[in-house]
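Peer 1: So for the sequence shown, the working numbering puts the first residue at 28; every next one is plus one.
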Amino acid sequence: MYNILVIEDDEMLNAGICFNIQNNNWQTISSYNIKDAKNIIKESKVDLILLDVNLPDGNGFEFSKIIKEKFNIPFVFLTAHNLDDEVLKGLELGADDYITKPFNIKILLKKIELILNRNSSEISEFSIKDLVINFEARTVKKAGRIIYLTPTEFDLLQVFVKNKSMVLTRQILLEKLWDCKENFVDEHTLTLNISRLRSKLDRENDKYIKTIYGIGYKLVEE
């Protein structure tokens with residue numbers, strides 16, 4: 028059974044979120060500050076974190092860096108602010124989603140379900156348009172013909188597929204490629220590989236990787 032850590036200092040809101048999550052047959056752990064949350068993560072199995080941005084003993088944005096670097100647990104920001112800059116900052120820090128208070132509990136539960144499903148199942152093959160990607164064999168076919176990718180190009184495509192619902196900033200891509208290869212990928216290398224990957228996959232009226240100007244990139248599924 029999945030364990031969801033709810034880090035929210037408003038006790039009534041924390042209890043309400045936990046009640047609804049438990050009614051969806053998941054387990055919850057409540058925390059009201061960063062200090063307790065750190066101990067819980069170290070001592071308990073946590074599959075997903077709901078993280079308030081403003082906490083009594085620190086900033087959720089700063090704490091998310093620790094979650095990302097040391098524990099690699101998916102997390103969703105909870106915030107009372109609906110500011111574009113804050114949303115972008117949260118996504119750049121690697122958040123799986125961003126929920127603005129007040130929120131519809133059904134939408135929150137659906138987002139949790141999608142994130143848990145995405146992180147629990149490692150797909151061996153993925154199809155998009157006329158592209159077929161086999162992650163075990165590390166092969167790519169377009170309209171039945173093999174497309175030859177370098178190891179870094181394939182890793183980059185895999186990052187896009189595994190995060191297909193997200194707009195990925197350059198910083199997120201660099202971090203994920205670093206994690207995947209365990210070596211250094213710089214800005215120039217990233218730019219070069221995105222360009223080469225596009226040249227191998229895209230056609231004039233058939234794009235797979237879309238530039239979201241001022242933010243990053245996203246896989247085009249339709």
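Glycine is no exception: its CB is placed at the ideal position from the N, C-alpha and C atoms.
1) Suppose the cutoff is 6 Å on Cβ atoms and the five residues either side in sequence are ignored; what does the same chain contact list for Tyr59 look like?
2) Go to Ile44, then tell me how far its alpha helix (DSSP H) extends in each direction, as first and last residue.
3) In whole angstroms, what is the alpha-carbon distance linking Gly87 and Asn232?
4) Just curious, the beta strand (DSSP E) that Val33 is in, first and last residue?
5) For Phe46, count the other beta carbons within 10 Å of its own beta carbon; 16 or more makes it buried, fewer makes it exposed. Which is it?
6) Span of the alpha helix (DSSP H) holding Tyr98?
7) In whole angstroms, give me the CA-to-CA distance for Asn81 and Leu184.
8) Does the beta carbon of Asn51 come closer than 8 Å to any beta carbon on chain B?
9) How about Ile174 and Lys227: are their beta carbons less than 8 Å apart?
10) Alpha carbon to alpha carbon, what distance is there between Asp157 and Glu248?
11) Based on Cα-Cα distance, which residue from Val194, Leu136, Phe104 lies nearest to Tyr125?
12) In angstroms, rounded to a whole number, what distance separates the CA positions of Leu204 and Leu176?
13) Quick check on the DSSP output: the beta strand (DSSP E) that includes Glu152 runs from which residue to which?
14) Is it right to say Asn220 is buried, meaning 16 or more other beta carbons lie within 10 angstroms of its own, or is it exposed?
Peer 2: Put simply:
1) Taking the first residue of the sequence shown as position 1, residue 59 is located at position 32. Counting only Cβ-Cβ distances below 6 Å, and skipping sequence neighbours, we find Asp36.
2) Stepping through the sequence shown from its first residue, residue 44 is reached at position 17. Under the DSSP assignment, Ile44 falls in the alpha helix (DSSP H) whose first and last residues are 38-50.
3) Working through the sequence shown from its first residue, we reach residue 87 at position 60. Working through the sequence shown from its first residue, we reach residue 232 at position 205. C-alpha separation (whole angstroms): 42 Å.
4) On the sequence shown, position 6 is the one that residue 33 refers to. It spans 30-34 - the beta strand (DSSP E) in which Val33 sits, taken as one unbroken run.
5) Mapped onto the sequence shown, residue 46 falls at position 19. By the 10 Å Cβ count, Phe46 comes out exposed.
6) One-based indexing of the sequence shown puts residue 98 at position 71. Rather than Tyr, the amino acid found at residue 98 in this sequence is Phe. For Phe98, no alpha helix (DSSP H) segment is defined, and its DSSP state is neither H nor E.
7) On the sequence shown, position 54 is the one that residue 81 refers to. On the sequence shown, position 157 is the one that residue 184 refers to. Whole-angstrom Cα-Cα distance: 35 Å.
8) Looking for chain B here will not work: only one protein chain is present.
9) Sequence index remark: in the sequence shown, residue 174 carries index 147 (1-based). Sequence index remark: in the sequence shown, residue 227 carries index 200 (1-based). Contact flag set, yes.
10) Position 221 of the sequence shown, counted from the first residue, corresponds to residue 248. Position 130 of the sequence shown, counted from the first residue, corresponds to residue 157. Taking the straight line from one Cα to the other gives about 11 Å.
11) Your numbering for residue 125 matches position 98 in the sequence shown. The residue among Val194, Leu136, Phe104 with its C-alpha nearest the C-alpha of Tyr125 is Phe104.
12) Numbered from 1 along the sequence shown, position 177 holds the residue referred to as residue 204. Numbered from 1 along the sequence shown, position 149 holds the residue referred to as residue 176. The C-alpha of Leu204 lies about 15 Å from the C-alpha of Leu176.
13) Here the question's residue 152 lines up with position 125 in the sequence shown. Unbroken beta strand (DSSP E) run through Glu152: 152-155.
14) Along the sequence shown, one-based indexing puts residue 220 at 193. A buried status is given to Asn220, since no fewer than 16 other beta-carbon atoms sit within 10 Å of its beta-carbon.
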